[in-house]
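Notes for the one structure printed next.
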Amino acid sequence: MDYDAVIIGAGLGGLAAGAALSGAGKKVLVLEKTGVVGGKCCTSMKNGFKMDHASHLLMRSAFGPFTDALKRVNKENDVKFYHLDDVMFKIRDQRFNFRVSTVLNFMNRLLPTTGLRIMLATSPLANKVISIFSRLFDRMTIQDVVKKWTDSVPFHNCVGWISFILFGGPYYETPFGEMLRTFTDVSALSKMILNEKCMIGYVKDGLISFPNALRDGIEERGGKVQLNTTVSKVLVKNGKVTGVQLEDGQVIDADLVISNTGIKETVKFLVGEEHFDKKYTEYCESLKPGCPAFALRLALDKPVFDYDLVMSIPMPSLEEYYHEMWDRNQVPKELCAIMATSPSNMDPRLAPKGQQSVIVIAPLARDRKTWAAYEKIAMDTIIDAVPEIKDHILWYDYLGPEFYEVHGEIGSPAIGLAQCMGQAGSTRPSSVSPIKGLYYAGAEAGRNVSGVATEIATHSGLNCADYILKMEKTPALVKRAKKMLGIKPSA
Ligand SMILES: Cc1cc2nc3c(=O)[nH]c(=O)nc-3n(C[C@H](O)[C@H](O)[C@H](O)COP(=O)(O)OP(=O)(O)OC[C@H]3O[C@@H](n4cnc5c(N)ncnc54)[C@H](O)[C@@H]3O)c2cc1C
952 MDYDAVIIGA GLGGLAAGAA LSGAGKKVLV LEKTGVVGGK CCTSMKNGFK MDHASHLLMR
1012 SAFGPFTDAL KRVNKENDVK FYHLDDVMFK IRDQRFNFRV STVLNFMNRL LPTTGLRIML
1072 ATSPLANKVI SIFSRLFDRM TIQDVVKKWT DSVPFHNCVG WISFILFGGP YYETPFGEML
1132 RTFTDVSALS KMILNEKCMI GYVKDGLISF PNALRDGIEE RGGKVQLNTT VSKVLVKNGK
1192 VTGVQLEDGQ VIDADLVISN TGIKETVKFL VGEEHFDKKY TEYCESLKPG CPAFALRLAL
1252 DKPVFDYDLV MSIPMPSLEE YYHEMWDRNQ VPKELCAIMA TSPSNMDPRL APKGQQSVIV
1312 IAPLARDRKT WAAYEKIAMD TIIDAVPEIK DHILWYDYLG PEFYEVHGEI GSPAIGLAQC
1372 MGQAGSTRPS SVSPIKGLYY AGAEAGRNVS GVATEIATHS GLNCADYILK MEKTPALVKR
1432 AKKMLGIKPS A
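With our numbering applied, the sequence shown covers 952 to 1442.
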């Protein structure tokens, strides 16, 4: 065999797993069906603007799993991060502006530096304790907990919207434990206050710089990232993986295959349900995907959008809005809730000199017949939130969920798997499949992996690879004993 592992898909999950295995001395082959790396975390040129395809804000940016992944292949100095600062919230007719750096400066003065350094040094232990503690809240939704404090509709709207942006689903389905795990990463929090830099941020030179750096790291270590190559089958014999088959019929032998294409899709289309027991295929079928989303990308002839981030929640009740959209498949009557950023404010090289780029994202109903209708609503909403842009739009395009279908996920979810009850924290689907040598990495898999979209995908890839490396060193007797005792895999 030419490679120690074959990875299907060069999204963040696949590349992070590849980087971790390469960093540990393994030779990996990453096969990607499209002509670029990054999956949904991708950037390309259009009319002189460097525009991201989808994702554009990172929850912990330099302080989270992106840096962990880059370090595996010594590429941490190749990617520079921007830390978010100017924020505007529009809640119905009220506008609230603030600078994150001012808040952090205040916190930095309030908390002693030594205390923050101790917090940072003890963060791995603290995070473990928080992760165990947070499981107590995995049976309560975010809405249940907020309702115990207050019935204030604007407050519910804010929490409900932030919860969607983070976890890709409504706050009455997301466990509060997931929010706790995501907001209380002690390492990221202490680095944020010590450095007076918001943990939420963006990758300079476009998000593609991150997957590009991982690809370079893998290739410098003897691995290969092969584009325009679709895997059509994962080959299995006697309950063990033997390799993959490409669309053109070519077979690549491998006894370790990591799929970055989603659990449902891997089981149903790549392996075939006949290779699994009924209970497992039923479990996979029952997994709930995250909500689909769109990106409205605007090129402006002048920098008139003065913020790094804008959140607009124009409707009276976000809960009712979510029910209409997801339970009744209705299109919003006038405006929708949006998040908008200006990538070129965060890195001016992304737009021609004197011009500006803005990206607006929002969830939409699952019924594809409704998808086209959001284009006008999204445009009306961003103009309502930031009217200054109206007379400066050079061009715009609307990337609906159809655009992301190329990555092969059923229903084209923005994040992958809904982080809802029964699918978050310790109840997330495992990266370890029942077939020997077959694993999953990406935003859809990984027990105890938590966080936000691009980061959860990266974290999942790292965890999956670490588990594989750990298992290699575990004596067969211990592995058998764990299986007999029904101890679940940690990845
Ligand atoms: C509109 C929108 C906005 C978003 N905004 C944000 C944001 O602001 N912040 C954030 O953190 N996240 C955001 N996300 C989500 C984030 O982009 C994804 O959760 C993340 O990139 C998923 O990574 P992944 O590795 O799990 O999967 P993917 O990116 O889907 O990667 C899977 C890869 O596998 C390849 N593949 C599939 N099948 C095959 C096959 N048979 N053979 C070979 N290759 C195959 C695909 O082409 C793809 O490259 C957004 C998503 C959308 C759609």
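Glycine is no exception: its CB is placed at the ideal position from the N, C-alpha and C atoms.
| Item | Value |
| --- | --- |
| C992 Cβ short of 7 Å to ligand 1 heavy atom set | yes |
| I1312 CB to nearest heavy atom of ligand 1 below 7 Å | yes |
| Candidates M1010, I1069, T1125, I1083: closest to V1096 by CA position | T1125 |
| Rounded straight-line distance, which links the Cα of T1378 to that of W1277 | 23 Å |
| Opening and closing residue of the alpha helix (DSSP H) in which S1381 lies | That residue, S1381, is in no alpha helix (DSSP H); it is neither H nor E in DSSP. |
| Which listed residue (G1213, G960, H1007, A967) has its alpha carbon closest to that of T985 | G960 |
| Residues bridged to R1046 (per DSSP) | K1041 |
| Contacts around A1244, its chain only, beta-carbon distance under 6 Å, and the 5 residues preceding and following it disregarded | I1312, P1314, A1365 |
| DSSP-derived helix/strand/coil call for T1018 | helix |
| Any non-hydrogen atom of ligand 1 closer than 7 Å to V1400 Cβ | no |
| beta-carbon A972 near ligand 1 non-hydrogen atom, thresh 7 Å | Per the sequence shown, residue 972 should be read as Leu rather than Ala. No. |
| Status (buried if at least 16 other CB within 10 Å, exposed otherwise) for M1010 | buried |
| For R1248, the residue or residues it bridges with in DSSP | I1310, D1348 |
| Three-state secondary structure assigned by DSSP to A1416 | helix |
| Bridge-paired residues (DSSP) for S1210 | I959, Y1391 |
| C-alpha distance - D1003 paired with S995, whole-angstrom precision | 6 Å |
| Contacts around I1159, its chain only, beta-carbon distance under 7 Å, and the 5 residues preceding and following it disregarded | G989, C993, T994 |
| beta-carbon N1211 near ligand 1 non-hydrogen atom, thresh 7 Å | yes |
| Where the beta strand (DSSP E) through T1292 begins and ends | 1289–1292 |
| C-beta contact flag for P1385 and I1214 at 8 Å | no |
| beta-carbon E1129 near ligand 1 non-hydrogen atom, thresh 7 Å | no |
| Nearest-angstrom Cβ-Cβ length linking A1394 and C1415, presumed shorter than 8 Å | So it is not a contact: roughly 12 Å between Cβ atoms. |
| At least 3 beta-carbon pairs within less than 8 Å: the stretch 1268–1282 vs the stretch 1102–1121 | yes |
| Closest Cα partner of A1369 within the set V981, N1048, S1114 | S1114 |
| Through-space distance from A1288 to M1039, alpha-carbon basis | 14 Å |
| Backbone secondary structure at T1181 - three-state DSSP | coil |
| Extent of the continuous alpha helix (DSSP H) to which V1051 belongs | 1051–1061 |
| Span of the alpha helix (DSSP H), counted from its first residue to its last, around L1071 | 1064–1072 |
| Cβ distance (whole Å) where L1186 is taken to contact L1251 below 8 Å | With a Cβ gap of about 51 Å, L1186 and L1251 do not count as contacting. |
| Cβ-heavy atom distance, T1378 to ligand 1, below 7 Å | no |
| Candidates G1168, L1117, E1224: closest to G933 by CA position | As displayed, the chain neither begins before 952 nor continues past 1442, which places residue 933 out of reach and without an answer. |
| F1118: CB within 7 Å of a non-hydrogen atom of ligand 1 | no |
| N-terminal and C-terminal residue of the alpha helix (DSSP H) that M996 is part of | Element bounds for M996: not the alpha helix (DSSP H) but the beta strand (DSSP E), 994–997. |
| Nearest residue (CA-CA) to T1217, options V1192, K1098, F1014 | V1192 |
| Three-way DSSP call (helix, strand, coil) for G989 in this model | strand |
| Buried or exposed (CB count within 10 angstroms, at least 16 for buried), V1357 | exposed |
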